[in-house]
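This report concerns only the one structure given below.
In my numbering, the protein residues as written are 769 to 857.
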C-alpha cells in the first residue's frame, strides 16, 4: 500500500506543479503505532519547481497541500515538505 501511496502523491504533485525534481520518502515505519495516524502514512517530500519562484515558504507549502488535499487524513497523516525553486536547489 505504501508504494501505491507514494505513486499517488507523485502523480498529484507532478500534475499540479510540473517539478524538475521530486523525491518522496515514505517514513511511516518510523511512526509505527502512532495512535492518531488513522491509517495514513508519514511522507517526506523534496520538490523543485518553477512554480515556487518568488513565492515564500507558506505559499509553496500551500501549493503542495492543495495538490494532495483529498489525501490528507486518509492516505497521508503527516507530510514534511522541502520546496525549492530551481535557482535555490
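Note that the Cβ used here is the ideal one computed from N, Cα and C, for glycine as well.
Keep in mind the model is a prediction, meaning the values are calculated, not measured.
Query, Result
"Does residue 815 pass the burial test, meaning 16 or more other C-beta atoms within 10 Å, or should it be called exposed?", "buried"
"Just the C-alpha distance for residue 822 and residue 851, rounded to the nearest angstrom, thanks.", "12 Å"
"Using beta-carbon positions only, say whether residue 811 and residue 777 come within less than 8 Å of one another.", "yes"
"What is the DSSP secondary structure of residue 808, counted as helix, strand or coil?", "coil"
"In angstroms with no decimal places, state the Cα-to-Cα distance between residue 808 and residue 856.", "31 Å"
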